[in-house]
Structures are given as C-alpha cells and as structure tokens.
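Numbering (this note's numbering), first residue to last: 1 to 269. The C-beta atom is built at its ideal place from N, Cα and C for all residues, glycine as well. Predicted, not measured: the structure shown is a model, and the values here were computed from it. Since the structure comes first, as structure tokens, the remarks are kept for the end.
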C-alpha cells in the first residue's frame, strides 16, 4: 500500500522500547513523525537521528500524558500545524506490587495514562484522521489483557479496556475509510530489569518473547493491512487460545502463579 508522505504519524511513549521501535518502523516507510514522551526522556536525540537517517521531518514533544491539561495543550499546539494520518497510542505504564501496599495516587496515574489519554487523544484527533483516506489508529494493549492477575490488578484491567474500546470503535467506524486496530504484545526484552523479571516468570512467560523491533514491524504491517486484533508471535497466540478455553478463575490462578514466582510469594492454601 502506498504511504502518504505528506501527513504525520503520531506515536506516544516513543522514547524507548516498543514506542521507539514503532517510530523506526514508521520512519522506514518514509512517514514524517510526531513523537511524544515524558520530559527528560532524551526524545530530541532520537528525533534528530530519525530525521537524518531517513530524511523525514520529525517533531518531538515532551509531556506527561496522564495530566489532562498537558494533553489538551499538546493537541492545541499541533492543531493546524501537523496533519495527522496515523495515531499509535503506545504510552502506558504498569508494575507489580501487592494491592494494599500500593499508593492510591499511583493507581490513579496508571488509569489516567493507560485509559484516559488513549481515549482523549483518539477522540481529539479522530476527526482529522477521518478527513484523510486510509487513516490509521493503532492502540497498544497487552497479552495481560487476556486474564485477571493478582499483584498487577489494575494493569491488565486497563489493557482489557484498551482491547474492548478499540474493537467497539472499529465496529462503529466500519466503512468510514479508517483502519482501527489493537495489538497485544507479549513480554519483550527491553532492558536488563525487564529481561530478568521475564526469565524469572517461567516457561509460559518466555514462550511469547519477541523483540520490540519485531513486535512493532509485525503490528504495523498487519494494522496497515486492515487486521483488527493483532497478536504478534506464535507463543502469544497459543497463550490467547489457552486462556479463552479456561474459566475466569483458572485464568486468574494461572496468570497470578507466574507473578507470584517473580515476587517469591507462596500460593495461597
């Protein structure tokens, strides 16, 4: 499919990991970029590299998308300056800790970033994307969305929201000339700490391992081809189908067992 090089791809959480991989995948297709990440993330250096390496325009913005006022101000800044064609809602956060030992404001920040920013950016930018033929919205969920999970609780619930939200939106805008997709990445070896935690989670967690680069390339290619729900990697697909066959209580027990091993917590009697 021919890529429109006059309109931008906007990618959130773009400074590292999967977001950076999405930025590279879009740049390789000649797409000008708007990259968004937290302040102090070194995003300008990545923008300069991609601009020089792929001879494209790259604009970078550092802000906290969990802050509603900052998000709205950002959208006002880019309105009329950067025609948006693709939107990749990648920004998100997670973590592992006992529910009763976790601060309430941390849960609130997770919800604002993983859920609210995805919904608000989509709503604010959708009218512009609809004006352009073959626009794209790609929301990043997780294989964690397939099951409830102890000691993570809010994170998989937020990713289940992203999954349901995207599927509903896709149905609502069917036939309107826009591609709307959700991708469920599995575990990725993005840094030393993440790699250590994945290796401690056992064979099931390691089964779906892919690099951020492979995940981004497969997700973007399938989204551009019109696939609605994208699960990169054979191991992650197997996990999805296994979870679909199990009762919810078994799903939670199986997924939570992996997390308990990571934390060194004995299962409940």
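| Item | Value |
| --- | --- |
| Nearest to residue 62 (by Cα), restricted to the options 222, 42 and 158 | 42 |
| Closest Cα partner of residue 270 within the set 72, 143 and 176 | The requested residue 270 does not occur in the structure, where the chain is confined to residues 1 to 269. |
| Environment of residue 76 [buried if 16+ CB atoms lie within 10 Å] | exposed |
| Inter-stretch contact (C-beta, 8 Å, three-pair minimum) for the stretch 93–110 and the stretch 32–46 | no |
| Through-space distance from residue 177 to residue 135, alpha-carbon basis | 7 Å |
| Close Cβ partners of residue 246 (< 8 Å) along its chain, the five nearest in sequence each way excluded | 254 |
| Outcome for residue 272 when other beta-carbon atoms lying within 10 angstroms are tallied against a minimum of 16 | This structure gives no information on residue 272, because the portion of the chain shown stretches from 1 to 269. |
| DSSP-derived helix/strand/coil call for residue 59 | strand |
| Stretch-stretch touch, CB-based, cutoff 8 Å, three pairs: the stretch 51–60 with the stretch 120–131 | no |
| Cβ shell of residue 183 (< 6 Å), same chain only, five flanking positions each side left out | 140, 219 and 230 |
| Candidates 149, 137 and 209, of which the one nearest residue 238 by Cα | 209 |
| Alpha carbon of residue 105 to alpha carbon of residue 149, nearest angstrom | 20 Å |
| With 16 other Cβ atoms within 10 Å as the buried cut-off, status of residue 114 | buried |
| DSSP three-state assignment for residue 67, whether helix, strand or coil | coil |
| Cβ neighbours of residue 18 in the same chain (closer than 8 Å, five flanking residues each side left out) | 90, 140, 185, 188, 190, 212, 215 and 216 |
| Residue 169 beta carbon less than 8 Å from that of residue 117 | no |
| Runs of alpha helix (DSSP H) lying entirely within the stretch 68–137, each at least 4 residues, in chain order | 68–78, 104–111 and 117–130 |
| Delimiting residues of the beta strand (DSSP E) encompassing residue 153 | From DSSP, residue 153 is part of no beta strand (DSSP E); its letter is neither H nor E. |
| Contact test: residue 265 Cβ vs the ligand SAH heavy atom, cutoff 7 Å | Absence of the ligand SAH from the depicted structure is noted, as is the absence of any ligand whatsoever, leaving it without description. |
| Contact set for residue 32: own chain, Cβ-Cβ below 6 Å, skip 5 residues either direction | 8, 56 and 57 |
| Local Cβ density within 10 Å of residue 315, reported as buried at 16 or more and exposed below that | The chain is shown from 1 up to 269; residue 315 falls before or after that span and cannot be answered. |
| Inter-residue Cα distance where the pair is residue 151 and residue 259 | 7 Å |
| According to DSSP, residues forming a beta bridge with residue 12 | 36 |
| Distance between beta carbons of residue 111 and residue 158, contact taken as under 8 Å | 6 Å |
| Beta-carbon gap between residue 86 and residue 10 smaller than 8 Å | yes |
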